[in-house]
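The C-terminal residue of the sequence shown carries number 1674 in my numbering, and the numbering is unbroken.
Everything below concerns the one structure shown next.
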Amino acid sequence: MKAFYAEEQKRHDPKAFLSSGAAQPNPEQPERVERLLAGALSAGCTIERPRNHGLGPVAAVHTPEYLDFLEHIYARWQRIEGASAEVIPNIHPIARNGSYPASAVGQAGYHMADTACPISGETWQSALWSAWTAVDAAEAVMSGVPAAYALCRPPGHHAFADVAGGFCFINNSAVAAQVLRKQAARVAILDVDLHHGNGTQGIFYARPDVLTVSLHADPVRFYPFFWGHADERGEGPGLGYNFNLPLPRKSDDAAFLEALEVAFQR
(Lines of atoms letter the chains of each structure in order from A and count residues from 1; the text may use other names and numbers.)
(Lines give C-alpha, C1' and ligand atoms only; values in the text may rest on other atoms or scores of the structure.)
Protein backbone atom coordinates (compact mmCIF):
# COMPACT_ATOMS: atom_id res chain seq x y z
CA MET A 1 0.00 0.00 0.00
CA LYS A 2 1.13 3.52 -0.74
CA ALA A 3 1.63 5.61 2.42
CA PHE A 4 2.39 9.28 2.99
CA TYR A 5 4.34 10.91 5.81
CA ALA A 6 6.35 14.09 6.46
CA GLU A 7 9.14 14.39 9.03
CA GLU A 8 7.88 17.87 9.98
CA GLN A 9 5.05 16.20 11.87
CA LYS A 10 7.53 15.29 14.63
CA ARG A 11 8.26 18.93 15.46
CA HIS A 12 5.07 19.36 17.48
CA ASP A 13 6.24 18.21 20.91
CA PRO A 14 3.73 19.26 23.61
CA LYS A 15 4.97 19.03 27.18
CA ALA A 16 1.83 18.89 29.32
CA PHE A 17 -1.95 19.02 29.45
CA LEU A 18 -4.55 19.27 32.20
CA SER A 19 -6.39 16.09 33.16
CA SER A 20 -8.99 16.31 35.93
CA GLY A 21 -7.46 19.67 36.84
CA ALA A 22 -3.91 18.34 37.25
CA ALA A 23 -0.94 18.92 34.96
CA GLN A 24 0.15 15.66 33.35
CA PRO A 25 2.77 14.72 30.74
CA ASN A 26 1.23 15.08 27.31
CA PRO A 27 0.77 11.64 25.69
CA GLU A 28 0.61 13.01 22.13
CA GLN A 29 4.35 12.69 21.54
CA PRO A 30 6.55 12.38 18.42
CA GLU A 31 7.23 8.79 19.46
CA ARG A 32 3.74 7.91 18.23
CA VAL A 33 4.82 8.79 14.68
CA GLU A 34 7.88 6.56 14.94
CA ARG A 35 5.79 3.59 16.04
CA LEU A 36 3.20 4.10 13.32
CA LEU A 37 5.90 4.54 10.69
CA ALA A 38 7.62 1.34 11.81
CA GLY A 39 4.30 -0.49 11.60
CA ALA A 40 3.61 0.81 8.10
CA LEU A 41 7.06 -0.23 6.90
CA SER A 42 6.76 -3.69 8.44
CA ALA A 43 3.41 -4.09 6.67
CA GLY A 44 5.13 -3.46 3.34
CA CYS A 45 3.95 0.11 2.73
CA THR A 46 5.97 2.35 0.47
CA ILE A 47 6.43 5.75 2.11
CA GLU A 48 6.19 8.95 0.08
CA ARG A 49 6.66 12.53 1.20
CA PRO A 50 3.59 14.74 0.64
CA ARG A 51 3.72 18.00 -1.28
CA ASN A 52 3.20 21.46 0.15
CA HIS A 53 -0.39 22.22 -0.88
CA GLY A 54 -0.61 25.69 0.64
CA LEU A 55 -3.62 26.81 2.64
CA GLY A 56 -6.24 25.99 0.00
CA PRO A 57 -7.26 22.48 1.13
CA VAL A 58 -7.16 23.48 4.80
CA ALA A 59 -9.13 26.69 4.24
CA ALA A 60 -11.82 24.62 2.52
CA VAL A 61 -12.92 23.27 5.92
CA HIS A 62 -11.53 25.77 8.48
CA THR A 63 -12.36 29.46 8.95
CA PRO A 64 -9.86 32.23 8.08
CA GLU A 65 -9.90 33.54 11.68
CA TYR A 66 -9.05 30.13 13.07
CA LEU A 67 -6.18 29.49 10.68
CA ASP A 68 -4.76 32.95 11.41
CA PHE A 69 -5.01 32.13 15.11
CA LEU A 70 -3.15 28.82 14.73
CA GLU A 71 -0.38 30.46 12.71
CA HIS A 72 0.26 33.48 14.94
CA ILE A 73 -0.97 32.76 18.47
CA TYR A 74 2.30 31.32 19.80
CA ALA A 75 4.32 34.44 18.97
CA ARG A 76 1.61 36.65 20.47
CA TRP A 77 1.46 34.47 23.60
CA GLN A 78 5.18 34.89 24.23
CA ARG A 79 4.66 38.64 24.59
CA ILE A 80 2.33 38.14 27.56
CA GLU A 81 4.22 38.67 30.82
CA GLY A 82 4.09 35.56 33.00
CA ALA A 83 2.32 33.43 30.40
CA SER A 84 2.84 29.68 30.12
CA ALA A 85 5.49 28.30 27.77
CA GLU A 86 2.77 26.79 25.59
CA VAL A 87 -0.59 28.28 24.66
CA ILE A 88 -3.15 26.80 27.04
CA PRO A 89 -6.49 28.59 27.59
CA ASN A 90 -7.83 29.46 31.02
CA ILE A 91 -11.26 30.71 29.93
CA HIS A 92 -13.89 29.40 27.51
CA PRO A 93 -17.17 30.94 26.33
CA ILE A 94 -20.22 29.02 27.56
CA ALA A 95 -22.00 30.26 24.45
CA ARG A 96 -20.86 32.53 21.64
CA ASN A 97 -22.79 35.76 21.15
CA GLY A 98 -21.25 36.86 17.88
CA SER A 99 -18.40 38.93 19.33
CA TYR A 100 -14.78 38.00 18.65
CA PRO A 101 -12.10 38.85 21.24
CA ALA A 102 -9.04 40.84 20.20
CA SER A 103 -6.75 39.60 22.98
CA ALA A 104 -4.58 36.49 22.68
CA VAL A 105 -6.03 35.10 25.92
CA GLY A 106 -9.58 35.60 24.71
CA GLN A 107 -8.87 34.08 21.32
CA ALA A 108 -7.23 31.05 22.94
CA GLY A 109 -10.43 30.41 24.86
CA TYR A 110 -12.53 31.04 21.76
CA HIS A 111 -10.58 28.69 19.51
CA MET A 112 -9.52 25.94 21.97
CA ALA A 113 -12.18 23.63 23.38
CA ASP A 114 -10.08 22.23 26.22
CA THR A 115 -6.61 22.17 27.77
CA ALA A 116 -5.46 19.08 25.85
CA CYS A 117 -4.21 20.89 22.75
CA PRO A 118 -1.30 23.13 23.83
CA ILE A 119 0.25 25.16 21.02
CA SER A 120 4.02 25.61 20.72
CA GLY A 121 6.20 27.29 18.14
CA GLU A 122 6.22 24.15 15.97
CA THR A 123 2.53 23.24 16.15
CA TRP A 124 1.37 25.20 13.11
CA GLN A 125 3.87 23.69 10.69
CA SER A 126 3.38 20.16 12.05
CA ALA A 127 -0.39 20.47 11.72
CA LEU A 128 -0.08 21.78 8.16
CA TRP A 129 2.14 18.90 7.08
CA SER A 130 -0.21 16.46 8.74
CA ALA A 131 -3.09 17.87 6.70
CA TRP A 132 -1.04 17.91 3.49
CA THR A 133 -0.30 14.23 4.11
CA ALA A 134 -4.05 13.56 4.08
CA VAL A 135 -4.39 15.58 0.86
CA ASP A 136 -1.76 13.51 -0.94
CA ALA A 137 -3.38 10.24 0.18
CA ALA A 138 -6.78 11.45 -1.05
CA GLU A 139 -5.31 12.53 -4.38
CA ALA A 140 -3.63 9.13 -4.76
CA VAL A 141 -6.99 7.41 -4.39
CA MET A 142 -8.52 9.83 -6.88
CA SER A 143 -5.79 8.89 -9.37
CA GLY A 144 -6.75 5.22 -9.18
CA VAL A 145 -4.75 3.81 -6.27
CA PRO A 146 -7.08 1.31 -4.50
CA ALA A 147 -6.13 2.52 -1.02
CA ALA A 148 -3.63 4.88 0.58
CA TYR A 149 -2.50 5.43 4.16
CA ALA A 150 -2.00 8.94 5.49
CA LEU A 151 0.18 8.91 8.61
CA CYS A 152 -1.15 12.10 10.18
CA ARG A 153 0.18 13.61 13.36
CA PRO A 154 -1.03 15.78 15.04
CA PRO A 155 -4.36 13.95 14.73
CA GLY A 156 -7.48 15.82 13.68
CA HIS A 157 -10.93 14.42 14.40
CA HIS A 158 -11.62 16.61 17.46
CA ALA A 159 -10.92 19.82 15.49
CA PHE A 160 -14.01 21.79 14.41
CA ALA A 161 -14.03 24.40 11.66
CA ASP A 162 -12.82 27.03 14.13
CA VAL A 163 -11.93 25.14 17.32
CA ALA A 164 -9.00 22.92 18.37
CA GLY A 165 -9.46 20.22 20.98
CA GLY A 166 -8.34 16.81 22.19
CA PHE A 167 -4.78 17.06 20.78
CA CYS A 168 -6.21 18.08 17.36
CA PHE A 169 -5.75 21.31 15.38
CA ILE A 170 -6.57 20.72 11.70
CA ASN A 171 -9.17 18.10 10.84
CA ASN A 172 -7.23 15.83 8.50
CA SER A 173 -10.17 13.52 7.65
CA ALA A 174 -12.37 16.51 6.83
CA VAL A 175 -9.63 17.98 4.62
CA ALA A 176 -9.27 14.63 2.80
CA ALA A 177 -13.03 14.27 2.40
CA GLN A 178 -13.29 17.74 0.89
CA VAL A 179 -10.53 16.90 -1.58
CA LEU A 180 -12.32 13.67 -2.55
CA ARG A 181 -15.50 15.64 -3.18
CA LYS A 182 -13.82 17.18 -6.22
CA GLN A 183 -14.28 13.84 -7.95
CA ALA A 184 -16.89 11.95 -5.91
CA ALA A 185 -20.52 12.97 -5.49
CA ARG A 186 -20.58 11.44 -2.02
CA VAL A 187 -17.88 10.62 0.53
CA ALA A 188 -18.07 8.56 3.74
CA ILE A 189 -15.91 8.92 6.86
CA LEU A 190 -15.79 5.91 9.19
CA ASP A 191 -14.19 6.81 12.54
CA VAL A 192 -13.27 3.89 14.82
CA ASP A 193 -11.22 5.78 17.42
CA LEU A 194 -12.04 5.25 21.09
CA HIS A 195 -13.24 8.86 21.27
CA HIS A 196 -16.06 10.32 19.20
CA GLY A 197 -14.90 12.47 16.28
CA ASN A 198 -16.86 15.51 17.39
CA GLY A 199 -14.98 17.94 15.17
CA THR A 200 -15.63 15.89 12.05
CA GLN A 201 -19.29 15.63 12.98
CA GLY A 202 -19.49 19.38 13.51
CA ILE A 203 -17.92 20.24 10.15
CA PHE A 204 -20.31 18.07 8.13
CA TYR A 205 -23.40 18.09 10.38
CA ALA A 206 -25.56 20.05 7.93
CA ARG A 207 -24.18 18.52 4.73
CA PRO A 208 -25.69 15.59 2.78
CA ASP A 209 -22.60 14.96 0.63
CA VAL A 210 -20.37 13.57 3.39
CA LEU A 211 -21.65 10.71 5.55
CA THR A 212 -19.99 10.61 8.98
CA VAL A 213 -20.14 7.36 10.95
CA SER A 214 -18.44 6.96 14.33
CA LEU A 215 -17.94 3.99 16.68
CA HIS A 216 -16.73 5.14 20.08
CA ALA A 217 -17.03 4.87 23.85
CA ASP A 218 -20.38 6.22 25.06
CA PRO A 219 -19.84 9.94 25.78
CA VAL A 220 -22.18 9.81 28.74
CA ARG A 221 -19.04 8.79 30.69
CA PHE A 222 -16.23 9.50 28.26
CA TYR A 223 -14.57 12.35 26.35
CA PRO A 224 -15.78 14.41 24.51
CA PHE A 225 -18.93 14.12 26.73
CA PHE A 226 -21.06 16.69 24.88
CA TRP A 227 -21.16 15.07 21.43
CA GLY A 228 -21.40 11.57 20.04
CA HIS A 229 -24.84 10.43 21.18
CA ALA A 230 -27.00 8.18 19.02
CA ASP A 231 -29.71 10.81 18.56
CA GLU A 232 -27.32 13.20 16.79
CA ARG A 233 -28.32 12.52 13.17
CA GLY A 234 -27.42 15.77 11.41
CA GLU A 235 -29.48 18.87 10.71
CA GLY A 236 -31.10 20.61 7.75
CA PRO A 237 -29.87 19.08 4.48
CA GLY A 238 -27.53 16.87 6.52
CA LEU A 239 -30.27 15.17 8.53
CA GLY A 240 -29.69 11.42 8.37
CA TYR A 241 -26.07 11.75 7.23
CA ASN A 242 -24.49 11.59 10.69
CA PHE A 243 -24.56 8.23 12.43
CA ASN A 244 -23.15 7.58 15.92
CA LEU A 245 -22.71 4.14 17.47
CA PRO A 246 -21.72 4.75 21.11
CA LEU A 247 -20.54 1.62 22.92
CA PRO A 248 -21.23 1.19 26.66
CA ARG A 249 -18.48 0.57 29.19
CA LYS A 250 -17.03 -2.95 29.26
CA SER A 251 -17.99 -3.60 25.64
CA ASP A 252 -15.91 -6.48 24.26
CA ASP A 253 -14.57 -7.21 20.79
CA ALA A 254 -17.81 -8.92 19.78
CA ALA A 255 -19.82 -5.80 20.62
CA PHE A 256 -17.42 -3.64 18.63
CA LEU A 257 -17.54 -5.93 15.60
CA GLU A 258 -21.33 -6.03 15.75
CA ALA A 259 -21.45 -2.23 15.76
CA LEU A 260 -18.95 -2.15 12.91
CA GLU A 261 -21.21 -4.38 10.84
CA VAL A 262 -24.08 -1.96 11.48
CA ALA A 263 -21.84 0.89 10.36
CA PHE A 264 -21.04 -0.89 7.10
CA GLN A 265 -24.75 -1.04 6.31
CA ARG A 266 -24.88 2.75 6.15
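Glycine included, every Cβ here is placed at the ideal spot set by N, Cα and C.
- Cβ contact annotation for residue 1521 (same chain, cutoff 6 Å, sequence separation greater than five): 1571, 1573, in chain order.
- By alpha-carbon distance to residue 1636, the top candidate from 1417, 1650, 1499 is 1650.
- According to the DSSP assignment, residue 1624 belongs to the beta strand (DSSP E) that extends over 1618-1625.
- Under the three-state reduction of DSSP output, residue 1499 falls in the coil class, being neither helix nor strand.
- When the beta-carbon positions are compared, residue 1482 and residue 1455 stay at least 7 Å from each other.
- Residue 1573 is bridged by DSSP to 1576.
- Contact annotation: residue 1524 and residue 1425 have beta-carbon atoms nearer than 7 Å.
- Collapsing the DSSP output to three states places residue 1600 in coil.
- In the DSSP annotation of this structure, the continuous segment of the alpha helix (DSSP H) that includes residue 1442 starts and ends at 1439-1450.
- Of the residues assessed, residue 1539 falls on the buried side of the cut-off, its CB having 16 or more other CB atoms within 10 angstroms.
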